[in-house]
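Residue 114 in our numbering sits at position 114 of the sequence shown; the count goes up by one each step and never skips. Even for Gly, the Cβ is constructed at its ideal location relative to N, Cα and C. Note that the coordinates shown come from a computational prediction; the quantities given were computed from them, not determined experimentally.
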Amino acid sequence: MKKLAVLGGEKSFPDGVAFVRPPAPPLEEVVARLAPSYSQGSLTNGPLVRELEDSVAERLGVRNVVAVSSCTTGLMLSVAGLAQFGEINGPVIMPSFTFSAGPHAVAWSNLGVRFVECDPLSFQIDLAHTSMHLEGAGAIMATHIFGAPCRPEQVEAMGKSAGIPVLFDAAHGFGALRNGRPLGGFGEVEVFSMTPTKPLVAGEGGLVCTDRDDLAEYLRLAR
């Protein structure tokens, strides 16, 4: 038996193994798409961004899509906007099994986090446990774990009954359907990620989806 690399033996993969290699279009096509923006000096928030936002809004059937630098940024600005509108006035409920971006987004607005249990089979937010912790809560931020819808219509109904806004961390969820309806239009806001580990890849970036014009305007100014 060969000596293990960890013990000083020869490495089977000297250059390592890539965690993920998302498919990419031919470089020539990328250059052709970016050439007009480059020649015009429009390197940020230009026509290509508007085109992306409009295309996603049409595909998902939502009123507004705002492109941001990351899903984390989208969550941060969404929480901040709702807090400034006076709609989040207490700790934000979220599943205990989630990515750190959610708690960070809440902390960024100087708000507290109220973790609730997750279903042991699906890892989704446990709605029965959530219902026991609504008193005094300021909002619910549910996560579509691994991109699988977390019964969003039930989360919406729970937030409505408690009189608090509902947000969804939909980082992995682009393209997912709930009873034939695309993710993106549930709650006050849903936020997708476009990092290389996600279904829709742009190298880096996030997409904030909302049917609220006031929140979309805030997001466009704040991004």
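Query, Result
"Just verifying my parser: in three-state terms, what is the DSSP assignment at ALA202?", "coil"
"Out of LEU121, SER131, GLN84 and ILE140, state which residue places its alpha-carbon closest to the alpha-carbon of ALA148.", "LEU121"
"Could you compute how far the alpha carbon of ALA101 sits from the alpha carbon of LEU183?", "19 angstroms"
"Roughly how many whole angstroms lie between the Cα atoms of PHE115 and PRO95?", "6 angstroms"
"In the DSSP assignment, the alpha helix (DSSP H) including ALA157 goes from what residue to what residue?", "152-162"
"Compute the Euclidean distance between the alpha carbons of ALA83 and ARG21, then round it to the nearest angstrom.", "38 angstroms"
"From ALA216, LEU43 and LEU4, pick the residue whose C-alpha is nearest to that of SER12; which is it?", "LEU4"
"By Cβ distance below 7 angstroms, which residues in the same chain neighbour CYS118 in space, the five residues on each side in sequence not counted?", "PRO95, SER96, PHE97, GLN124, ILE125 and ASP126"
"Should the stretch 24-38 be called in touch with the stretch 150-158, which here means at least 3 C-beta pairs below 8 angstroms?", "no"
"Please classify PRO36 as buried or exposed, where buried requires at least 16 other C-beta atoms within 10 Å of its C-beta.", "exposed"
"Relative to the C-alpha of GLY185, which residue among MET132, GLY136, LEU43 and VAL65 is closest?", "VAL65"
"Around the Cβ of SER131, are there at least 16 other Cβ atoms within 10 angstroms (buried) or fewer (exposed)?", "exposed"
"Can you tell me whether GLY206 is buried or exposed, with buried defined as 16 or more other CB within 10 angstroms of its CB?", "buried"
"Can you pull the DSSP bridge partners for CYS209?", "VAL65 and GLU190"
"Under three-state DSSP, which class holds ILE145?", "helix"
"Put MET132 into one of helix, strand or coil per three-state DSSP.", "coil"
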